[in-house]
């Protein structure tokens, strides 16, 4: 869910800063123009608006 939403935000011209526990999962977003943060704190410091998407595996 997060990757498609992030791609739509990038396509709409928004600056996107992302973080993932597994950094490689953000590769597609970074290749599309997102900035990869080193920590959740870095994301919060870089953003005016924060959207969090978490998984709930069975």
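Residue numbers (our numbering): 63 to 120. Ideal Cβ positions, reconstructed from N, Cα and C, are used throughout, including at glycine. In this text, all values refer to a predicted model and were calculated from it rather than measured experimentally.
Own chain partners of residue i with C-beta closer than 6 Å, once the 5 adjacent residues on each side are dropped
i	result
residue 102	81
Option nearest residue i by Cα separation, candidates the options
i	options	result
residue 68	113, 104, 83	113
residue 111	120, 76, 118	76
residue 94	116, 79, 104	79
residue 91	119, 64, 117	64
N- and C-terminal bounds of the alpha helix (DSSP H) containing residue i
i	result
residue 67	64-73
residue 102	102-108
residue 91	89-93
Beta-carbon separation (whole angstroms), residue i vs residue j, contact threshold 8 Å
i	j	result
residue 96	residue 72	6 Å
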